[in-house]
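Structure, as C-alpha cells:
Protein chains: 2
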Amino acid sequence: MRTLLLKKEEVRKLISMKEVIGTVEEAYRAFSENSVMQPPYTGIHLPAPRGEIDFKLSYYEGNEVISMKSSSGAFPDNPKLYGVPSSMGTILLFDARSCALMCVMDGSLVTGLRTGAAGAVSAKVLARKDAKVIGAIGTGQQARMQIRALREVIDIQGIKAWSRTAEKMASFQADIERDFGLPVALASSAQDVVASSDILVTTTRGTGPVVEAKWVKPGTHIIAIGADQQGKQELDPALFKHAKIVHDSTAQCCEKGESWHPLTRQIITMNDIHGELGEILLGRKPGRENDEEITIFDSTGMAIQDNTTATKIYQNAVVNKIGEFFEFIE
Amino acid sequence: MRTLLLKKEEVRKLISMKEVIGTVEEAYRAFSENSVMQPPYTGIHLPAPRGEIDFKLSYYEGNEVISMKSSSGAFPDNPKLYGVPSSMGTILLFDARSCALMCVMDGSLVTGLRTGAAGAVSAKVLARKDAKVIGAIGTGQQARMQIRALREVIDIQGIKAWSRTAEKMASFQADIERDFGLPVALASSAQDVVASSDILVTTTRGTGPVVEAKWVKPGTHIIAIGADQQGKQELDPALFKHAKIVHDSTAQCCEKGESWHPLTRQIITMNDIHGELGEILLGRKPGRENDEEITIFDSTGMAIQDNTTATKIYQNAVVNKIGEFFEFIE
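In C-alpha cells, the structure reads:
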C-alpha cells in the first residue's frame, strides 16, 4: 500500500487559486446534491493559554475519497517555545473503496485557500456584473486570501480597507499592492469602506456588529467570513431583513454562522433564507436577479471543501511526481 | 518539525504484550482520575458491501499527547480487489503543548493489542487468585489476543474453547498450542466451556445471548469483549442480577455495551454497577472480595487506550531508533 507524503511547501506549489475555486465550487454542488457525508466536527480545547485542535471528516461519492483534516489554532507561544507555527494542520486522504491511506499531507494551507475561494465562488453568482471596488473589513491573512481569490473572478479596480489597527492596515496595503498590483485605499472608518464597496468582505474575529445596515448601498454583495462559531458576529442583524441570504450549509449557518443572530432575534425566519450556494450553482435557485438587491453569503466552512481541494492537490502531485511515497503496510 | 513514520511491521516489534498491559492499566487509571478528554467517536458508514471507518480522539494530561486513530473494518473484498487487508488503521500523535504532529503510525495492530490487554488488566483484580482454566467462546483473532495477554498475568493450565465453526476451533487450537505451548480442549458446546472455566472470555460478534446465567459457576470472572455497539449481545441478562459488574467506561457500557441489555430490561439498575476498572486500579473501589462472587468486566474500548499504547510505541521507537523521520513543515 503506497501512501503519498506531501510537505507544506509542496502543497503550496501544487495548487493554484483558480483550481481551488474549481474544487470549492465542486464541493458546494456535491453538498447540495446530497452526495456527501460530513459527520459533526469534533475537537479538543486545551487548557489556556493553548488553543484547540479540530477534526473534520467527509466522504464524497463523486471522487470516492474520505478526508480527515486536523487543524490546530491559537497557540501563540508556538514559534518562540517550540519553533513551529501557531496554527497547523494535517490531512489524511483515504481511498473510500478500501479505506487504504492514500495520502498524508500538511494541511496548514488548505483551510485558508478553500475559505478564500468560497468568497470568489459566491461573487460569481451573487455580485453585480459591474462590481469593481472591493471593501475589506479586517486585514489579516484571510482578507489577503479573499482578494487573491476574488481577482480570479472579478475585474477589481480598487480596494478600500479598514481594520482597528493602523499598522495591520498599512501592512495589508503594502502586501496587496506588491503581490497583486492593486491599489488599496485605507479608509477612516468601517462606514467609509461599506459606503464605497461593490463587494464587501468581512474577515474580523468580531463578536458584535461592525457593519450597520443603513451604511450598505443597494447592489452590494457581502461575503461574511468571520462568524463560524457561536458568539461571533460582524453584521448588523437588521441588514438581513431586506437582503438575499445565501449559505454554504443552512444547517451550520443557522447554528453558528452570521445568520444565527437575525434568526434568534426574530428579524428573519427560515423562510427568508434564499438557499445554499450549491443550489444556485446547480441552477436550482437563482443567483442575483437585479442590480439593486443586497446579497449576503454566510460562510461557515465545510469538510467537503477540504476533501475536494486536498484531492486535487494529491492528483496534481501524482501527475507531477511531487512528494514521497511511503509504505505503512508492506 | 520532525514527524516519526512507523510501519505496521515496525509497530509489531516495538511493543510487548506486557507493556500493553501497562499502558492499558495507565489508561484506565487516567480515565477514572479525569485527566483524559475523549470526544464522542465519529465515523462514516460506506455503502454496502463496504464497511465503515471510525475516528477516535483523546487527550491525556499525563503524557501531553493527543491521539487520533482511524480504523476501518469489514471490507471483505480488499485483499482480492485491492491487495490490502480488510481492516486497517492509522494513528496520529500530536504533542499537546503545540499540536505539532509527532508521529504517523500504522494503527492496524493497536486495537487488537489494547483490547487483548484489557481482559488481562481486569483479570489481575477480578479473577480468583487460583484461576487456571480459561474458557473461550469465540475463537477469532481477538480470542487469541486475550490468551496472549492473560498468560502474562495468570498461570494458565489449560484452555477450553468453543465456536460455531469447527474449522475455526481447530485452527485456534493449533495456533495457541504452537504459539504459547498451552493445551486447548475443544468443547462440544458453549455450556461445556462455561462450566469448566475460571475465567471466561467471550469474543463473538453475537447479537443474542450465548452464555446462560445458570451455566456459570461461582467464582467465575467473565471478560465480555464482543458487545461494543447497540444490538450486540453475548451474555444472558439474568447473569448480571447477582454479579459484580465492572465497566471500562460506565457511560459507554450502559449505552452500547453488554450492560445495556440488563439495564434496559430492568434486571439491574445503575445502583447495581460496581464501578469502573480504573476506580479499582486506583484503590477507590474493591476488586474481587471473595472466591464465590461472579465478576463481569464489560469492555467497550476507549480512545485513551490507543493514546497510551501508541505513545509507548512511539517512545520505544525513539529510544531504539526505529522508523523514519519526515518533515511535513521544514
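Protein chains in written order, with our numbering: chain A, -4 to 325; chain B, -4 to 325. Glycine included, every Cβ here is placed at the ideal spot set by N, Cα and C.
query                                                                                                                                                 : result
T134(A) to S166(A), Cα distance in whole Å?                                                                                                           : 9 Å
Would you identify the three-state DSSP class for T197(B), choosing helix, strand or coil?                                                            : strand
Rank L9(A), I86(A) and E250(A) by C-alpha distance to the C-alpha of Q225(A) and give the top, closest one.                                           : E250(A)
Does the segment 299 to 309 of chain A come close enough to the segment 53 to 63 of chain A to have 3 or more Cβ pairs within less than 8 Å?          : yes
7 Å is my cut-off, CB to CB: does C98(B) come that close to chain A?                                                                                  : no
Does K3(A) pass the burial test, meaning 16 or more other C-beta atoms within 10 Å, or should it be called exposed?                                   : buried
For a contact defined as C-beta to C-beta under 9 Å, what are the partners of T134(A) on chain B?                                                     : Ordered by position in chain B, no residue passes the 9 Å Cβ test against T134(A), which lies about 25 Å from the chain.
Shortest alpha-carbon distance to G114(B) belongs to which of E147(B), D101(B), G38(B) and E56(B)?                                                    : E147(B)
Output yes if chain A places a C-beta closer than 7 Å to the C-beta of T85(B); else output no.                                                        : yes
Measuring CB to CB, does A126(A) end up less than 7 Å from D193(A)?                                                                                   : yes
Put Q261(B) into one of helix, strand or coil per three-state DSSP.                                                                                   : coil
For the beta strand (DSSP E) that S65(A) lies in, which residues bound it at each end?                                                                : V60 to G68
Against F50(B), what residues of chain A qualify as contacts under a CB-to-CB distance less than 8 Å, listed in chain order?                          : T37, F50, L52 and M63
Residues in the segment 278 to 307 of chain A with C-beta within 7 Å of chain B's C-beta atoms, listed in sequence order?                             : none
Secondary structure at T110(B), three-state DSSP: helix, strand or coil?                                                                              : helix
Go to F26(A), then tell me how far its alpha helix (DSSP H) extends in each direction, as first and last residue.                                     : M12 to S27
What would DSSP say about F292(B), mapped onto helix, strand or coil?                                                                                 : strand
Whose C-beta lies closer than 6 Å to the C-beta of Q141(A) among residues of the same chain, with five residues either side of it excluded?           : G111, G114 and V196
By DSSP's criteria, T37(B) is part of a beta bridge. Which residues make up the other side?                                                           : F50(B)
The beta strand (DSSP E) with T(-2)(A) in it runs from where to where?                                                                                : T(-2) to L1
What's the call for M100(B), buried or exposed, on a 16-neighbour Cβ count within 10 Å?                                                               : buried
Taking the alpha carbon of V205(A) as the reference point, which residue from H216(A), G214(A), A185(A) and T215(A) has its own alpha carbon closest? : A185(A)
Sort L88(B), I262(B), R109(B) and A161(B) by Cα distance to I132(B) and report the nearest one.                                                       : A161(B)
Would you grab the beta carbon distance between I218(B) and S117(B) for me? Rounded to a whole angstrom, and I think it's under 8 Å.                  : 6 Å
Kindly indicate if chain B contains any beta-carbon less than 7 Å away from that of N311(A).                                                          : no
Where does I299(B) fall in DSSP's three states?                                                                                                       : helix
Which whole runs of the beta strand (DSSP E) in the segment 176 to 244 of chain A are 3 residues long or more, in chain order?                        : 179 to 181, 194 to 197, 202 to 206, 216 to 219, 228 to 230 and 238 to 242
Under the DSSP definition of a beta bridge, which residues are partnered with G153(B)?                                                                : V128(B)
Who are L96(A)'s beta bridge partners in DSSP?                                                                                                        : F89(A)
How many angstroms separate the CA atom of A222(A) from the CA atom of N29(A)?                                                                        : 25 Å
Under 7 Å between C-beta atoms, does I317(A) make it to chain B?                                                                                      : no
According to DSSP, Y77(A) sits in a beta bridge with which residue or residues?                                                                       : Looking at the DSSP assignment, Y77(A) forms no beta bridge with any residue, so it has no partner.
Could you check which residue in K155(A), A298(A), L121(A) and D243(A) has the C-alpha nearest to that of G214(A)?                                    : L121(A)
Under 7 Å between C-beta atoms, does L104(A) make it to chain B?                                                                                      : no
Does M(-4)(B) get closer than 7 Å to chain A when you measure Cβ to Cβ?                                                                               : yes
Mind checking whether I154(A) and L181(A) have CB atoms under 7 Å apart?                                                                              : no
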